[in-house]
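Have a look at the structure below before the remarks.
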Ligand SMILES: NC(=O)c1ccc[n+]([C@@H]2O[C@H](COP(=O)([O-])OP(=O)(O)OC[C@H]3O[C@@H](n4cnc5c(N)ncnc54)[C@H](OP(=O)(O)O)[C@@H]3O)[C@@H](O)[C@H]2O)c1
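Numbering (UniProt numbering), first residue to last: 1 to 288.
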């Protein structure tokens, strides 16, 4: 990876920050961080620079198409061609459909799904020209096994999985360019704070550093799909062979059916600020 320039969306904190560390450890030439919160981006950028890897950060809301294209141009001019794009940025607001503000529902689709369309359109063409590149998506096991209480997030992740499945097949005949989709189980970051499964000892949350390590390994080995932990492969098999009634019993027994009841996530203030600050960029009207 010594010649690679990696761009990580949502690289300021959580799994994104660990990904920046992992790519730096692997000797990546340059790391670029995108996000909306300057403090997190700056802190991570300083840490990566101290590790001896050239690092840059840019404020960019991935849901804002114009901003993505504009910042992608700035990146190309100031830093160079991106050869590894990591679509990691996402939000969750953790409410049922009826309790959700309409704009919040739209925004999770804009950030978690549409953001990938814009970033991939911005960077993939140059990877194809150079015949070297990799598009990575940090997805979620909830894309395959949705739960109540976070319907917009599950929908956005399922849609994002379809995007990656299509892209992965579409790039089969493109030499040097590959895709990786990582589907982690609950991971210990601020994102799903408060969420409780019934048997936490049996299903402990993943460490973000482990998710980051496995993601970088998958890029190095050009692995298309990675379920984390590996036991999640069983879920895929169970879903395809068991009847819906049996799956419902598993959801009830394991507590995934109610695990979002204790969800706290980030503060309501965070979501209000997201709604207010991004309304104009999506051309949305506040509802209610
Ligand atoms: N935590 C889990 O349990 C879990 C499980 C499976 C999959 N995942 C996936 O892992 C990825 C990282 O999640 P995490 O746990 O690290 O969550 P996190 O700590 O909340 O980090 C989310 C990152 O996304 C960025 N982001 C959010 N909206 C953005 C926007 N509009 N434009 C640019 N950046 C934006 C945030 O930065 P700013 O707020 O500064 O913009 C932040 O850096 C996500 O795709 C998530 O769906 C997480």
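Even for Gly, the Cβ is constructed at its ideal location relative to N, Cα and C.
Please tell me whether residue 184 and residue 211 are closer than 7 angstroms, where the distance is taken between their beta carbons.
Judged by their CB atoms, residue 184 and residue 211 are nearer to each other than the 7 angstroms cut-off.
Any heavy atom of ligand 1 closer than 6 angstroms to the CB of residue 18?
No.
So, under 8 angstroms CB-CB, residue 173 and residue 126 are touching, yes? Tell me the CB distance rounded to an integer number of Å.
The pair is not a contact, with the Cβ atoms about 18 angstroms apart (cut-off 8 angstroms).
I'd like the ranges of any beta strand (DSSP E) spanning at least 3 consecutive residues and lying wholly in the stretch 122-191.
Listed in chain order, they are 133-138 and 177-184.
DSSP three-state assignment for residue 242, whether helix, strand or coil
Residue state for residue 242 is assigned as coil, using DSSP reduced to three classes.
Count the C-beta pairs between the stretch 174-182 and the stretch 134-153 that are closer than 8 angstroms, then say yes if the count reaches three, no if not.
By the Cβ test, the stretch 174-182 is in contact with the stretch 134-153, since at least three Cβ pairs between them sit closer than 8 angstroms.
Where the alpha helix (DSSP H) containing residue 19 begins and where it ends
Where residue 19 is concerned, the enclosing alpha helix (DSSP H) starts and stops at 14-25.
My output table needs one value for residue 110: the three-state DSSP class, helix, strand or coil.
Taken through DSSP and simplified to helix, strand or coil, residue 110 comes out as helix.
Using the three-state DSSP reduction, which class does residue 58 fall into: helix, strand or coil?
In the three-state reduction of the DSSP assignment, residue 58 falls in the strand class.
Just verifying my parser: in three-state terms, what is the DSSP assignment at residue 68?
Residue state, collapsed to three classes: helix.
With a Cβ-Cβ cutoff of 7 angstroms, do residue 309 and residue 214 count as a contact?
Nothing can be reported for residue 309: it is not among the residues displayed for the chain, which extend from 1 to 288.
Residue 24 and residue 51: beta carbons closer than 7 angstroms?
Going by beta carbons, residue 24 and residue 51 fall inside the 7 angstroms limit.
Member of 217, 200 and 115 whose CA lies at the smallest distance from the CA of residue 253:
Nearest C-alpha to residue 253: 200.
Below 8 angstroms on the Cβ atoms is my guess for residue 7 versus residue 20; work out the distance and round it to an integer in Å.
Going by Cβ atoms, the distance from residue 7 to residue 20 rounds to 10 angstroms, so no, they are not a contact pair.
Using 10 angstroms around the beta-carbon of residue 246, count the other beta-carbons present and answer buried if the total reaches 16, otherwise exposed.
That one is exposed.
Return yes when the C-beta of residue 81 is under 6 angstroms from any heavy atom of ligand 1, and no when it is not.
Not one heavy atom of ligand 1 is found less than 6 angstroms from the C-beta of residue 81.
For residue 152, is the classification buried or exposed, using 16 other Cβ atoms within 10 angstroms of its Cβ as the cut-off for buried?
Buried, since its Cβ has 16 or more Cβ neighbours within 10 Å.
Boundaries of the alpha helix (DSSP H) in which residue 256 is found, first to last residue
Secondary structure note for residue 256: it is in no alpha helix (DSSP H), with a DSSP letter that is neither H nor E.
Proximity winner among 44, 257, 28 and 48, relative to residue 197 (alpha-carbon distances)
By alpha-carbon distance to residue 197, the top candidate from 44, 257, 28 and 48 is 257.
Going straight from the alpha carbon of residue 259 to that of residue 244, what length do you get?
The alpha-carbon atoms of residue 259 and residue 244 are separated by roughly 19 angstroms.
Is the beta carbon of residue 90 within less than 6 angstroms of some heavy atom of ligand 1?
Residue 90 has its CB nearer than 6 angstroms to a heavy atom of ligand 1.
Check whether the Cβ of residue 186 sits closer than 6 angstroms to any heavy atom of ligand 1, and report yes or no.
Relative to ligand 1, the beta carbon of residue 186 is positioned inside 6 angstroms of a heavy atom.
Among the candidates 94, 11 and 99, whose CA atom is the shortest distance from the CA of residue 58?
Between residue 58 and the set 94, 11 and 99, the nearest pair of CA atoms involves 11.
Pop quiz: residue 150 and residue 94 are said to be a contact at Cβ under 8 angstroms. What is the actual Cβ separation, rounded to whole angstroms?
Right, the Cβ-Cβ distance comes to about 5 angstroms (below 8 angstroms), so this counts as a contact.
Helix, strand or coil: how does DSSP classify residue 263 here?
Residue 263 falls in the coil class under three-state DSSP.
Just tell me which of 128, 192 and 124 has its CA closest to the CA of residue 154.
Residue 192 is the option with its Cα nearest to residue 154.
Is residue 87 helix, strand or coil by DSSP?
Note: residue 87 maps to strand in three-state DSSP.
Pick from 217, 66, 203 and 216 that is closest to residue 255, judged by C-alpha positions:
Of the listed residues, the one whose Cα sits closest to residue 255 is 203.
Given 6 angstroms as the limit, tell me if residue 191 has its C-beta closer than that to any heavy atom belonging to ligand 1.
Yes, the beta carbon of residue 191 sits closer than 6 angstroms to at least one heavy atom of ligand 1.
CB contact flag (residue 178, residue 222, <7 angstroms):
The answer is yes: Cβ separation under 7 angstroms.
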